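What follows is a short report on a single structure.
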Amino acid sequence: MRLLVAGVGNIFLADDAFGPEVIRALDQRPLPSGVRVRDFGIRGMDLAYELLDGYDTAVLVDAAARGHRPGTLSLIEPDLPDRTTGAAPPEAHGMDPAKVLALAAHLGDEPLPRVLVLACEPEVRPRGDEDIAPGISAPVRDAVERAVAALHTMVPVLLADPAATPPLSRPDESAGPPPAGLLLPVGDGTEDR
């Protein structure tokens, strides 16, 4: 069983740095063997090729606006594209997970691994005209350690059974996020915990 934990996001755009911050925090609390932990930042092309490297499961760690309180963690299982889906290449300096998954599906001969997204509700999102907005908000910084703890709970479950539904405790989350807040295309196969 092989599992990838991939941090995605731009460290220079406020709370979008959540994924890279979680990967950095995992240096202090490493995950078990059999897990590849890597910060992809905004390198979408690198992540697309990595997804083709024979993993059973990939967990993307990212900030995602879903309409919850800032710092809320969500576990999302997006519907995966197939080879016939048009694959627009990811931006050279951006990370659109939907485009990355479409590109990986287009490039690979085998089906993609199961993909889960451990998402954090951002508080600070840069406006379209901002190039740099360093630093993450307090609620998202607090969520980094909770995400590390969640990964330490989820990973053994996924290593034992890649098809299992890993637990994610979110007692502070409200019940239904508005669908417009999703960053990835999510269909009937959505898992929001």
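Under this note's numbering, read the sequence shown as residues 842 to 1034, first letter to last.
In this text, a Cβ means the ideal position worked out from N, Cα and C, and glycines have one as well.
Note that this is a predicted model, so its numbers are computed, not measured.
Could you pull out every residue in the same chain whose Cβ sits closer than 7 angstroms to the Cβ of residue i, ignoring the five residues on either side in sequence?
i, result
"residue 895", "843"
"residue 887", "881"
"residue 999", "844, 898, 1005 and 1007"
Who are the near neighbours of residue i in its chain, counting only those whose CB is closer than 6 angstroms to its CB and skipping five residues on each side?
i, result
"residue 845", "877, 896 and 899"
"residue 911", "962, 964 and 980"
"residue 983", "912"
"residue 870", "989"
"residue 978", "856, 964 and 965"
"residue 858", "850, 852 and 977"
"residue 862", "985"
"residue 995", "1007"
Can you say whether residue i is buried or exposed, counting buried as having 16 or more other CB atoms within 10 angstroms of its CB?
i, result
"residue 864", "buried"
"residue 1002", "exposed"
"residue 874", "exposed"
"residue 990", "exposed"
"residue 972", "exposed"
"residue 985", "buried"
"residue 1007", "buried"
"residue 951", "exposed"
Since residue i contacts residue j with CB under 8 angstroms, what's their CB separation in whole angstroms?
i, j, result
"residue 901", "residue 938", "6 angstroms"
"residue 855", "residue 976", "7 angstroms"
"residue 889", "residue 945", "4 angstroms"
Per DSSP, which one or two residues make a beta bridge with residue i?
i, result
"residue 914", "961"
"residue 882", "849"
"residue 942", "DSSP lists no partner for residue 942."
"residue 870", "Residue 870 pairs with nothing; no bridge assigned."
"residue 898", "844 and 955"
"residue 877", "845"
Is the beta carbon of residue i sitting closer than 8 angstroms to the one on residue j?
i, j, result
"residue 953", "residue 942", "yes"
"residue 860", "residue 904", "yes"
"residue 848", "residue 880", "yes"
"residue 957", "residue 917", "yes"
"residue 947", "residue 872", "no"
"residue 882", "residue 852", "yes"
"residue 966", "residue 914", "no"
By Cβ distance, which residues of its chain are closer than 8 angstroms to residue i, with the 5 residues on each side in sequence left out?
i, result
"residue 812", "Here the chain has residues from 842 to 1034 only, and residue 812 is not among them."
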